[in-house]
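**Q**
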Amino acid sequence: MLILKTILPRKQKNKKKTKTALVTRIGVRMGSRFFLLLFLVFLAIPAIAAGRRPSPGFLYTRTRGRCTPQYWSNRREVWPKMVPHKSTVSNVFGSRVFERYREDLTLLEAAARNDDGKDAFARLVKQSTAALLNSYARKGYPYAAWEVKTLLIQALVSERAAAFQAQKFLEANENCG
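Rendered as structure tokens:
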């Protein structure tokens with residue numbers, strides 16, 4: 017009531033209508049500010065809950081899992097010390113990979129590959145790289161590092177074996193938390 021008395025003009029013919037209009041106007045302003053604040057808080061909650069900087073996008077941005085090759089190729093997280101991103105695939109997985117991949121192919125390049133559509137060996141090296149990084153960085157990942165290396169070498173015998181193993185690594189990478 018104090019606010020209304022100080023805001024209302026002193027000479028009014030119909031005080032009841034003016035008070036109602038003023039209260040409505042103040043209510044609309046306060047309501048719109050409240051909804052704006054509520055909307056901004058709603059947008060900020062996912063970023064705060066994730067404990068990282070907000071992702072680009074207005075209302076919704078699709079995020080990839082924390083174990084996929086795309087995640088590791090973006091270098092959002094520090095790579096395990098056992099496998100620096102500049103390490104070559106041949107140094108990490110062994111000399112048998114010379115038959116299928118360039119000798120200077122790095123793990124970062126392998127994780128960032130986009131040519132894995134029909135090529136089973138390209139899919140294999142991409143998913144194997146992510147699987148190896150996950151085996152070092154994620155507790156509870158279904159494969160140990162030595163298993164990833166062994167399974168990659170075994171899958172190099174044929175395109176069918178490579179496609180099968182790439183699919184297994186893909187499932188493990190997408191389902192890891």
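Residues 17 to 193 in the numbering used here are what the sequence shown spells out, letter by letter.
Here a beta-carbon is modelled for each residue, glycine too, at the ideal position from N, C-alpha and C.
So, helix, strand or coil for Lys84, using DSSP?
**A** Lys is not the amino acid found at residue 84; the sequence shown has Thr there. The answer is coil: DSSP assigns Thr84 none of H, G, I, E or B.
**Q** Decide if Gln170 is buried, meaning its Cβ has at least 16 other Cβ atoms within 10 Å, or exposed.
**A** exposed
**Q** Quick one: does Thr122 have its CB under 7 Å from some CB of chain C?
**A** As a matter of chain content, chain C is missing from the structure shown, which is built from one protein chain.
**Q** List the whole-angstrom C-beta distance separating Glu119 from Ser106, where the pair is believed to meet the contact cut-off of C-beta under 8 Å.
**A** About 5 Å separates the two Cβ atoms, so the contact holds.
**Q** Just the Cα atoms here: how many angstroms apart are Arg69 and Ala138?
**A** Residue placement at Arg69 cannot be trusted, given a pLDDT of 49 that sits under 50; what the coordinates show is reported in the next sentence. Going by the C-alpha atoms only, they are around 32 Å apart.
**Q** Going by beta carbon distance, what residues of the same chain come within less than 6 Å of Cys83, once the five residues before and after it are set aside?
**A** The residues are Asn150, Asn189 and Cys192.
**Q** Please state if the CB of Ala127 and the CB of Trp162 are separated by a distance shorter than 7 Å.
**A** no
**Q** Kindly give me the distance between the Cβ atoms of Leu167 and Gln181, rounded to whole angstroms, as I take these residues to be in contact under 8 Å.
**A** Rounded to whole angstroms, the Cβ separation of Leu167 and Gln181 is 6 Å, and the two are in contact under 8 Å.
**Q** Which residues in the same chain as Arg112 place their Cβ atom closer than 7 Å to its Cβ, once the five residues preceding and following it in sequence are excluded?
**A** So the qualifying residues of the chain are Ile169 and Leu172.
**Q** Please give the ranges of any alpha helix (DSSP H) in the segment 107 to 149, keeping only runs that are unbroken, at least 4 residues long and fully inside the region.
**A** Complete alpha helix (DSSP H) runs here, min 4: 123 to 127.
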